[in-house]
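Reviewing the structure listed below.
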Amino acid sequence: MVNRASAPFDLAAIGRGLAFGPAHTQISRRLGDAVDAPLVIQAPPGSGKTTIVPPTVANALAAAGLGGRVIVTQPRRMAARAAARRLAQLDGSELGERIGFSVRGQSLSGPRTRIEFVTAGLLLRRLLADPDLASVGAVIVDEVHERSIETDLVLAMLNQVNQLRDDLALLVMSATLHAEDLAGYLGRGAAAGIISGSGIQHPVAEEFCSYSGTRNAERGLERGYLDHVAATAVEQTARNTAQGPARDTLVFVPGAGEVERVRALAAGDPRFEVLALHGQVEAAAQDAILQDPGPAARPRIIISTPIAESSLTVPRVNLVVDAGYAREPRRDAVRGMSGLVTVVASRASATQRAGRAGRLEPGRVVRTLDQRSFAAAPAFTSPQIATAELTQAALYLAAWGTPRGEGLELWQQPPAAALDDAESVLRSLGAIDETGQLTPAGQRLVQVPADPRLARALLEGARHFGPRAAAEAVAMLSGTERAGGADAGALLRELRRGGHPGHGPWAAETRRFAQLLRRQQAPAEVAPTPGAGAESAALAGVMALAYPQWVGRLVAGDEYLLASGTRASLPRHSPLHGHEFLAIADVARAGAGAVIRSAAGIELELLLELLPQMHRVQTRAEFTAGKVSARQVQLLGAIELSTRPVKPTAEQAGAAVLRALQAEGLGIFGQQPKFQALRARLALAHRELGEPFTAMDEPALLQRADEWLQEGLLQMARGTAAAKVDLAQALRSLIPWQHAHDLDELLPERLQVPSGSRIALQYPEPGTAQGRVVAAVKLQECFGLAQTPRLLHGQVPIQFHLLSPAGRPLAVTDDLRSFWDGPYRQVRAEMRGRYPKHPWPENPWEHVATAKTKNRLR
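Numbering (the UniProt record's numbering), first residue to last: 1 to 858.
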């Protein structure tokens, strides 16, 4: 008797009617030549590659004498279940026997399973637990064009394992991606093999039914646009039904909120059955939508998120209404937050969506975007690894032994700044050490299928509030249900009561997390905070443990200062208004600010108990208005809890003065002419002689302030007013010791002229490249002076500004001999009548130099 479990798959029967069915011979031949050579398979949506390739690979492995399970990744749980169910049906076997699936919280597979459909996230965790994949003979990564972080990481890890194992087949499949780029990435020196399949089985006609108003706003699609989408779906379904037997419509909108809005609008027409399809819908209801309701059933309008975009055949659908938008993760480095933003879907996604209408017969796609916006859409979906927050990805990379991806060839390198932020979060959780290597605490977090912050909150929350309360809170926080008015406590109460649409998935996740806590031998449940507020305290506490940087304190109106330093506001009419402290689990950008989307009130005492690492006391000293003052501040992150004046230590005061100096510059000392004069002289010496003289520009002096200004800073720290610090005396410490005795000879402050007067020299401002040393002196005081004086051993001539008796400039020269022999005559002719009391001799060489009038001179 033939063993049915090990019998070859009937590829002719399975591939009958599939456009990609005949390609199984090419795949078998390629794998027969080299099982371990990576293979890229490209075929349009609806061609059947997800159905025919897995059994083809299983047969090829068996023919080569190789064992091992064939693992097929899908982007979503529903797609994995649907693909397994479809293949088992075509194979004529019981689901869970030869063909099975494993997704989060559900598994139908056993020891005889040869083909197993899983999500990329689940395979990623299997890889981390068993890097060799010892019991696996082949991995098929499907729908790589969606570019999720999990898929990118799985692909890189599998490529590495494939290079170490010569008996592991690696196949990568996509409908819309550039196969050549992927083949080059997977190739070992040469590009990987490519097999391309035929087009869509049935034509899909494209129509536009655009909307003239605003479609997308800060917080998602506008209600008016969703009304238009709903009306279009009803109208087009009616038109579709009038042309033939009952057929179904698949409507694509970006998120669960839009699904429910459009469903509510369309549900009023009794001619149609209107259904919702998104991640919060229970698995049984999701799977029911994928079953043929029969010819007697009413036409269905299925409102879906992109969950139905890939790898699914929805029976009877020959009409797609596409709103044209998707949600993509975005990281806000400035505010330290991330979230989903609503963007125009890529043309690749639009192609995938349209393909749902042509799976079974000719169909139509109606786009509610205008043609111009559709044409301007990006060609492909942005890789999540380039735009999303990377904390979980960084944890997985560390667990793989390749911190920051070093040593692992990723399809696209993540941004360095995003990795820096992610590693900072992991260090704060104790998940990695300073070198980026995984710690024992990090290993425990890897075993929790949740964001590392939620994983930490689950484990710590169980210790503080008990496993059940922690599991309930983390199950809610890891879901996609929105809290009305940002009130997370109200949402949790609704989920507990069972009337909420998300109750089923939440309850399943709660059980899963509770089981995980039992496996990790979490401590026995402890008594939570006593009193009626125990449940809300547990929820708020778990939220604070998960997102300590978002703990907030009310500062004004509805605005909260978060521990990260960011400010965020509660939505209008939120029931949380008035709470002094909030634990916040979701905060998003809103224009120039941020809005709180999920929070719970929390007491300060509980915050201090849960987050001791964020609680600190520091003394802040400030130098203002020429004096140092200080206050002691109690902080929770960036939140000030209390403050009181204190006397600063000398070190604190000195640091405050130094900060003020760096921020405000030397101007804090006021005008000090002696300092400015000495600084200008030394600046000229540096300009002309260089070393050992140093630069005197303000940035250079501030950089060395702790060297030349140390005593002055100490004086100010002890209370001396800044204006009373002798900067000139302090600056003398920067005079090179070689010139301490001859500086006044090299660069005198004053110059004695023939009249006997000592004229103050004006040196150029520090930092000027061409400034001159100037002696401004009355012309009569320089009679007989033929040789222009020079400074710095004759290197720098003094420029004379010869003045009238009234102090007005008459001439500027640095060649006095030429002046007396030439231009002086013209000056004498013009000035002798104007200033007759002063000497204007014909021969200035022989006249006595004087500052006096002719009468006083006699």
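Built from N, CA and C at the ideal position, the CB exists for glycine as well. Remember, predicted model here, so these are calculated numbers, not experimental data.
By alpha-carbon positions, which one of R223, L170, I195 ends up nearest to E180? Position 180 of the sequence shown, counting from 1, holds the residue named residue 180. That would be I195, whose Cα lies nearest to the Cα of E180.
Which value, in whole angstroms, describes the spacing of the CA atoms of A422 and E434? For the purposes of this step, residue 422 is taken as residue 422 along the sequence shown, with counting starting at 1. For the purposes of this step, residue 434 is taken as residue 434 along the sequence shown, with counting starting at 1. Approximately 13 Å between the Cα atoms of the pair.
Could you tell me whether the stretch 285-299 touches the stretch 224-232, where touching means 3 or more Cβ pairs closer than 8 Å? Not touching, per the Cβ criterion.
Use the C-beta contact count for G17: other C-beta atoms within 10 angstroms, 16 or more gives buried, fewer gives exposed. Position 17 of the sequence shown holds residue 17. G17 sits exposed, since fewer than 16 C-beta atoms from the chains shown fall within 10 Å of its C-beta.
Segments assigned alpha helix (DSSP H), at least 4 residues, entirely inside the stretch 120-185: Entirely contained in the stretch 120-185, the alpha helix (DSSP H) runs reaching 4 residues are, in chain order, 120-129, 149-164.
With DSSP as the reference, label G220 as helix, strand or coil. Numbered from 1 along the sequence shown, position 220 holds the residue referred to as residue 220. In the structure shown, G220 adopts extended strand secondary structure according to DSSP, grouped into three states.
Any chance you could list the alpha helix (DSSP H) runs of at least 4 consecutive residues sitting entirely within the stretch 525-603, in chain order? For the stretch 525-603, the full-length alpha helix (DSSP H) segments reaching 4 residues or more read 534-546 along the chain.
contact_flag[the stretch 203-211, the stretch 359-370] where n(CB pairs < 8 Å) is 3 or more: Three or more pairs of CB atoms, one per stretch, sit closer than 8 Å, so the stretch 203-211 contacts the stretch 359-370.
Here's the rule I'm using: 16 or more other beta-carbon atoms within 10 Å means buried, otherwise exposed. How should A527 be labelled? Residue numbering aside, residue 527 sits at position 527 when the sequence shown is read from its first letter. Unreliable placement is indicated for A527, whose pLDDT of 44 sits below 50; no coordinate value is reported for it.
Let's see if you can read the secondary structure: which residues bound the beta strand (DSSP E) around S424? Your numbering for residue 424 matches position 424 in the sequence shown. Unbroken run through S424 is the alpha helix (DSSP H), 416-428; no beta strand (DSSP E).
Please report the distance separating the alpha-carbon of L127 from that of M157. Start at 1 with the first residue of the sequence shown, and residue 127 comes out as number 127. Start at 1 with the first residue of the sequence shown, and residue 157 comes out as number 157. Straight-line Cα distance between these residues: approximately 8 Å.
Rounded to whole angstroms, what's the CA-CA distance from R817 to T694? Just pull it up for me. Numbered from its first residue, the sequence shown carries residue 817 at position 817. Numbered from its first residue, the sequence shown carries residue 694 at position 694. Roughly 35 Å separates the two Cα atoms.
Find the nearest neighbour of W820 within the set H838, Q787, G833, K837, judged by alpha-carbon distance. Residue 820 sits at position 820 when you count from the first residue of the sequence shown. W820 has its Cα closest to that of Q787, out of H838, Q787, G833, K837.
Among residues of its own chain, excluding the 5 on either side of G712, which ones have a beta-carbon nearer than 6 Å to its beta-carbon? Numbered from 1 along the sequence shown, position 712 holds the residue referred to as residue 712. Only V725, A730 meet the Cβ criterion.
Within 8 Å, do at least three Cβ pairs link the stretch 769-777 to the stretch 796-804? Touching, yes, given that three or more Cβ pairs across the two stretches are closer than 8 Å.
If the criterion is Cβ atoms closer than 7 Å, does the pair L576 and D487 meet it? In the sequence shown, residue 576 corresponds to position 576, counting from 1. In the sequence shown, residue 487 corresponds to position 487, counting from 1. Taking 7 Å as the Cβ cut-off, L576 and D487 qualify as a contacting pair.
Cβ neighbour criterion (16 or more within 10 Å) applied to N843: To locate residue 843, count along the sequence shown from 1; it is residue 843. A residue is called buried when at least 16 other Cβ atoms come within 10 angstroms of its Cβ; N843 does not meet this threshold and is exposed.
I'd like the list of long-range same chain contacts for Q42, defined as Cβ closer than 8 Å, with 5 residues on each side in sequence excluded. Residue mapping note: residue 42 aligns to position 42 of the sequence shown, counting from 1. M173, S174, A175, L177, A179, I194, I195, S196, G197, listed in sequence order.
CB of Y185 within 7 Å of CB of W411, strictly: The sequence position of residue 185 within the sequence shown is 185, counting from 1. The sequence position of residue 411 within the sequence shown is 411, counting from 1. For Y185 and W411, yes; Cβs fall inside 7 Å.
Three or more C-beta pairs under 8 Å: does that hold for the stretch 21-33 against the stretch 95-102? Judged by Cβ distances under 8 Å, the stretch 21-33 makes no contact with the stretch 95-102, as fewer than three pairs qualify.
Going by alpha carbons, who is nearest to K627 out of I668, V633, P736? The count along the sequence shown starts at 1 and reaches residue 627 at position 627. Of all alpha-carbon atoms in I668, V633, P736, the one lying nearest the alpha-carbon of K627 is that of I668.
To the nearest angstrom, how far is it from the Cα of R330 to the Cα of P673? One-based indexing of the sequence shown puts residue 330 at position 330. One-based indexing of the sequence shown puts residue 673 at position 673. One C-alpha to the other measures close to 56 Å.
Tell me which residues share the same chain as E472 and place their Cβ nearer than 6 Å to its Cβ, disregarding the 5 neighbours each side in the sequence. What you label residue 472 is simply residue 472 of the sequence shown in a count that begins at 1. Excluding positions up to five away in sequence, the list reads T510.
Within the same chain, show all residues whose beta-carbon is closer than 7 Å to that of F117, passing over the 5 residues directly before and after it, in chain order. Residue numbering aside, residue 117 sits at position 117 when the sequence shown is read from its first letter. Counting only Cβ-Cβ distances below 7 Å, and skipping sequence neighbours, we find V72, Q74, A80, A83, A84, F101.
Cβ atoms of A431 and A441: under 7 Å apart, would you say? As a working mapping, residue 441 is identified with position 441 in the sequence shown. As a working mapping, residue 431 is identified with position 431 in the sequence shown. In contact: A441 and A431 (Cβ atoms closer than 7 Å).
Segment contact, 8 Å Cβ cut-off, at least three pairs: the stretch 545-559 with the stretch 572-586: Proximity of the stretch 545-559 to the stretch 572-586 meets the contact definition, three or more beta-carbon pairs being nearer than 8 Å.
Indicate the three-state DSSP secondary structure (helix, strand or coil) for E409 in the structure shown. Taking the sequence shown and counting its residues from 1, the one referred to as residue 409 is at position 409. DSSP places E409 in coil when its eight states are reduced to three.
Residues near G654 by beta carbon distance below 6 Å, same chain, minus five either side: Walking along the sequence shown from the start, residue 654 turns up at place 654. For G654, where only same-chain residues beyond five positions count, the Cβ hits under 6 Å are L713, A717.
Given S212 as reference, the closest of Q371, A376, P501 once Cα atoms are compared: For the purposes of this step, residue 212 is identified with residue 212 of the sequence shown, where counting begins at 1. Minimum Cα-Cα distance from S212 among the listed residues Q371, A376, P501 corresponds to Q371.
Leaving out five residues before and five after T241 in sequence, what residues of the same chain have Cβ atoms less than 6 Å from its Cβ? Walking along the sequence shown from the start, residue 241 turns up at place 241. The residues are P299.
Buried or exposed: H741, going by 16 or more other Cβ atoms within 10 Å of its Cβ? Reading the sequence shown from its first residue, position 741 is the one you call residue 741. Exposed, because fewer than 16 other Cβ atoms sit within 10 Å of the Cβ of H741.
For Y211, which of helix, strand or coil comes out of DSSP? Within the sequence shown, the letter at position 211 stands for residue 211. Y211 falls in the coil class under three-state DSSP.
Could you have a look at I14 and say whether DSSP puts it in helix, strand or coil? Translated into positions along the sequence shown, residue 14 becomes position 14. Helix at I14.
Per-residue DSSP class, three states only, for T249: Indexing the sequence shown from 1 puts residue 249 at position 249. Strand, per DSSP.
Considering only residues of the same chain and omitting the five flanking positions on each side of G502, which have a CB-CB separation below 7 Å? Along the sequence shown, read from residue 1 onward, the residue named residue 502 stands at position 502. Shown here for G502: same chain residues with a beta carbon closer than 7 Å to its own, the five before and five after excluded, namely Q280, G479, E481, L495 in chain order.
Between A308 and the rest of its own chain, which residues show a CB-CB distance below 7 Å, the 5 nearest in sequence each way excluded? Here the question's residue 308 lines up with position 308 in the sequence shown. Excluding sequence neighbours, A308 sits near L250, L277, V314, R356.
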